[in-house]
Amino acid sequence: MCGIIGFTGNIEAKEVLLQGLTALEYRGYDSAGISFFPENGSDHKVQTIKTVGKVSNLIDKVSSLSAGPSFCGIGHTRWATHGGVSETNCHPHHFGRVTLIHNGIIENYKELQEELEGEGKYPVSQTDSEIAAMVIDSCYKNNPLKAIKRAVKKLQGAYAFCIMFDEYPESIYAIRNGSPLVATNTKEGSIIASDMVALIKYSKDYFVLPEHHIAHLTKDSITITDLEHNEVEPDMLHVSWDMAAARKGGYEYFMLKEIHEQPEALHNTIAPRIKNQLPDFTTDGIPDSLFNGLNRIIITACGTAMHAGLIGKNMIEQLTRVPVTVDIASEFRYQDPILDANTLVITISQSGETADTLAALRLAKENGARTLSVVNVKGSSIARESDYVLYTHAGPEIAVASTKAYTVQLAAMYLVAFRFALVKGSVSQDVIRNYIRELEAVPEFVKTMLGCDRAIQPISQKLLKTESLFFIGRGLDHALSCEGSIKLKEISYIHSEAYAAGELKHGTISLITDNVPVIALATQEKVFAKMISNIREVRSRGAMVIMIANEDAQVDAALCDHLITLPPIDNAFAPFGAAVVLQYIAYYTAVARGLNVDQPRNLAKSVTVE
Ligand code: AGP
942 MCGIIGFTGN IEAKEVLLQG LTALEYRGYD SAGISFFPEN GSDHKVQTIK TVGKVSNLID
1002 KVSSLSAGPS FCGIGHTRWA THGGVSETNC HPHHFGRVTL IHNGIIENYK ELQEELEGEG
1062 KYPVSQTDSE IAAMVIDSCY KNNPLKAIKR AVKKLQGAYA FCIMFDEYPE SIYAIRNGSP
1122 LVATNTKEGS IIASDMVALI KYSKDYFVLP EHHIAHLTKD SITITDLEHN EVEPDMLHVS
1182 WDMAAARKGG YEYFMLKEIH EQPEALHNTI APRIKNQLPD FTTDGIPDSL FNGLNRIIIT
1242 ACGTAMHAGL IGKNMIEQLT RVPVTVDIAS EFRYQDPILD ANTLVITISQ SGETADTLAA
1302 LRLAKENGAR TLSVVNVKGS SIARESDYVL YTHAGPEIAV ASTKAYTVQL AAMYLVAFRF
1362 ALVKGSVSQD VIRNYIRELE AVPEFVKTML GCDRAIQPIS QKLLKTESLF FIGRGLDHAL
1422 SCEGSIKLKE ISYIHSEAYA AGELKHGTIS LITDNVPVIA LATQEKVFAK MISNIREVRS
1482 RGAMVIMIAN EDAQVDAALC DHLITLPPID NAFAPFGAAV VLQYIAYYTA VARGLNVDQP
1542 RNLAKSVTVE
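Following this line, the structure appears as structure tokens:
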């Protein structure tokens, strides 16, 4: 949430900041702003330009003001937490000699504000971030490092700050607690940002700023010190993707591009973990001992990642007979979970920075559970803090609606299930080999499914004016319905519910009337007959039924208005193909409604507040 960037170097800073903010916009897009020191600026006066709305508004405003050259500055694209969307609440915030951008939430801002007001200092905005700028300014006596060190002792909550001090017009200081910051020094200068998409133009090598360490960026170097002023060498990381991955590449939206990237992302996630037709985590450094003696698995995650957990649960339980529960991460901490050394807690997260999931992971560790995370972003907090990490290799996911991250998470969870079953000896190697064969075929299967877009587009036209609809399914199809429903809601703003098909008759079927759309998933053979009965129940009450079933299933033409079929594949792998259908339904419906698919209202990628 909120994209932040800082640059100091020997090229035009405003350009670096604006390009960076454009790339980071998916993290928050209700307002944006930059502050910079003009070259040879008189008496160190920092200049600030802010606007509400998209980064493109800010770009227009900056060019209309034709500010002179600058080589050092900071920029922010906001997802409002404290204080509404307004230019005053927009970052950067300036107070005294301090200019600051912030990603996170300062929890004790009220007390700090009262303290400051007691000293006759009043904020102009309603933000907790401005209070942070005021606290740093009040701790500042010409030594930025000491001021930051003193200030963070007073601040409670999550933060990533980039800070400029009037007396140091070529320097940027940064510190973080919880919220992410990555940085790199290149021939152009030093750059720091919320994530790699803003840095990739300049370097594939970077480091994650360690928590509670201060980075001092100058055009020539980045120095990192801990809070005792000891210099620390950062661990350098490398990304394998490039600029093209962070661009739309001819697609109208990132979401569509990312839907199409699934075969490759799946291949990259699956192939390196298969040796001799068996799952192998050697290169991930995950030892078999992780699975020894386990009596329970808890999967915890949020949103789409949690939905991937629901599918993973099914496969793990089926193959190992070890009980698995799936918990929403934002609830996990508050339900006093039962955890011990024989419990494995698996956290799933695309960003690796979701605050609720991170908090759940920390709780699991505190209580002695073993931890494994399935994460897409290298070096992210969840990846670093887990005992072990199984990276998905989806490349950057920029659309707020998660698509490729979901299917690679499914693949990763299946690999975990297979390896665990192998270590436990709960099924034979031949059974695992068969599953692996099917998993290896998934990228090709998904590629075939990408061709169903033509069939989906007319269906989306029919859903255009719908106010509410239902996704129904049984077993794996119910788990997948949850994902179909969140996808449609978040980008098309059509209300929907995912329901276990057999549960409808216990109340919710009263909402099924003439032409209410029902998207019925019927890909699971063992519950197919029951599912057909459930479809008949809604059909006979007037529902408009869109059915997703296997190619070889016997489907009575009168049962549905639209039928989308999946090519033959083992039932356990049907979710990979059906997920594409649901992604397309959400995508084309949102496009038909004229919405900005990549940046849905009220949302942001990577939810770093609890
Ligand atoms: C998915 O479409 C959502 N935007 C959202 O539910 C997301 O999956 C969730 O916030 C978890 O994010 P993470 O995978 O980065 O932890």
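Position in the sequence shown (from 1) plus 941 gives the number in the numbering used here.
Ideal Cβ positions, reconstructed from N, Cα and C, are used throughout, including at glycine.
Which of the three DSSP states, helix, strand or coil, is assigned to V1076?
helix
Compute every distance between the C-beta of C1243 and the non-hydrogen atoms of the ligand AGP, then say whether any falls below 7 Å.
yes
Hey, would you say the C-beta of A1099 is under 7 Å away from at least one heavy atom of the ligand AGP?
no
Any non-hydrogen atom of the ligand AGP closer than 7 Å to I1427 Cβ
The ligand AGP approaches I1427 closely enough that one of its heavy atoms is under 7 Å from the residue's Cβ.
In terms of residue numbering, what span does the alpha helix (DSSP H) encompassing C1423 cover?
Note, C1423: alpha helix (DSSP H), L1417 to S1433.
Does I990 come out as helix, strand or coil in the three-state DSSP assignment?
Looking at I990 - three-state DSSP - the assignment turns out to be strand.
Pair every Cβ in the region 1257-1273 with every Cβ in the region 1204-1223, then say whether three or more of these pairs are closer than 8 Å.
no
So what does K1216 bridge to, in DSSP terms?
L1219
Output needed for V1315: all residues of its chain with C-beta closer than 7 Å, excluding positions within five of it in sequence on either side, in chain order.
I1287, I1289, L1331, T1333, Q1350, A1353 and M1354
Of the residues E1028, E1408, S1070 and E1060, which one's Cα is nearest the Cα of T1040?
S1070
If you reduce the DSSP assignment to three classes, tell me which class T1464 lands in.
coil
Under the three-state DSSP convention, the category E1438 falls into:
strand
On the three-state DSSP scale, how would you describe C1393?
helix
Residues near V1026 in its chain [Cβ-Cβ closer than 6 Å; skip 5 each side]
D971, S972 and V993
contact_flag[the region 1318-1325, the region 1265-1277] where n(CB pairs < 8 Å) is 3 or more:
Output reads no: the region 1265-1277 does not touch the region 1318-1325.
Where the alpha helix (DSSP H) through H1208 begins and ends
Per DSSP, H1208 is one residue of the alpha helix (DSSP H) stretching across Q1203 to I1211.
Where the alpha helix (DSSP H) containing V1532 begins and where it ends
A1515 to A1533
Close-in-space but distant-in-sequence residues of the same chain around C1031 (CB under 8 Å, 5 per side omitted):
Same-chain partners within the cutoff: S972, A973, G974, K991, T992, V993, H1017 and R1019.
D1539 classed as buried or exposed, judged by whether at least 16 other C-beta atoms fall within 10 angstroms
buried
Return the first residue and the last residue of the alpha helix (DSSP H) that T1266 is part of.
Looking at the DSSP string, T1266 is not in any alpha helix (DSSP H); the run it does join, the beta strand (DSSP E), is V1265 to I1269.
Indicate, with yes or no, if the ligand AGP has a heavy atom lying under 7 Å from the CB of S1120.
Judged by the Cβ position, S1120 fails to qualify as a neighbour of the ligand AGP at the 7 Å threshold, every heavy atom of the ligand being at least this far.
Alpha carbons only, please: which of I1239, V1468 and I1133 is nearest the one belonging to H1157?
I1133
Which listed residue (A1008, Y1100 and K1087) has its alpha carbon closest to that of D943:
One point to set straight first is that residue 943 is Cys, not Asp, in the sequence displayed. It is Y1100.
Beta bridge counterpart(s) of V1364 as assigned by DSSP
DSSP lists no partner for V1364.
Report yes or no: do three or more beta-carbon pairs, one from the region 1459-1468 and one from the region 1498-1516, lie closer than 8 Å?
yes
My output table needs one value for V1123: the three-state DSSP class, helix, strand or coil.
strand
By Cβ distance, which residues of its chain are closer than 7 Å to Q1524, with the 5 residues on each side in sequence left out?
I1200, T1344 and K1428
Exposed or buried, what is D1176 when buried is set at 16 or more other beta-carbons lying within 10 Å of its beta-carbon?
exposed
If you draw a straight line from the alpha carbon of E1028 to that of I1015, how long is it in whole angstroms?
16 Å
Whole-angstrom distance between D1161 and P979, CA atom to CA atom:
19 Å
Kindly indicate which residue of S1271, R1311, P1121 and D1328 has the alpha-carbon position closest to the one of A1242.
Comparing Cα positions, the closest option is S1271.
Beta strand (DSSP E) segment containing G1098, residue limits
Per DSSP, G1098 belongs to the beta strand (DSSP E) from G1098 to F1106.
Using 8 Å as the Cβ pair cut-off and three pairs as the minimum, do the region 1179-1188 and the region 1127-1143 touch?
yes
Just tell me which of A1206, C1393 and F977 has its CA closest to the CA of P1110.
F977
K1546 vs R1038 beta-carbon contact at 8 Å:
The answer is no: Cβ separation not under 8 Å.
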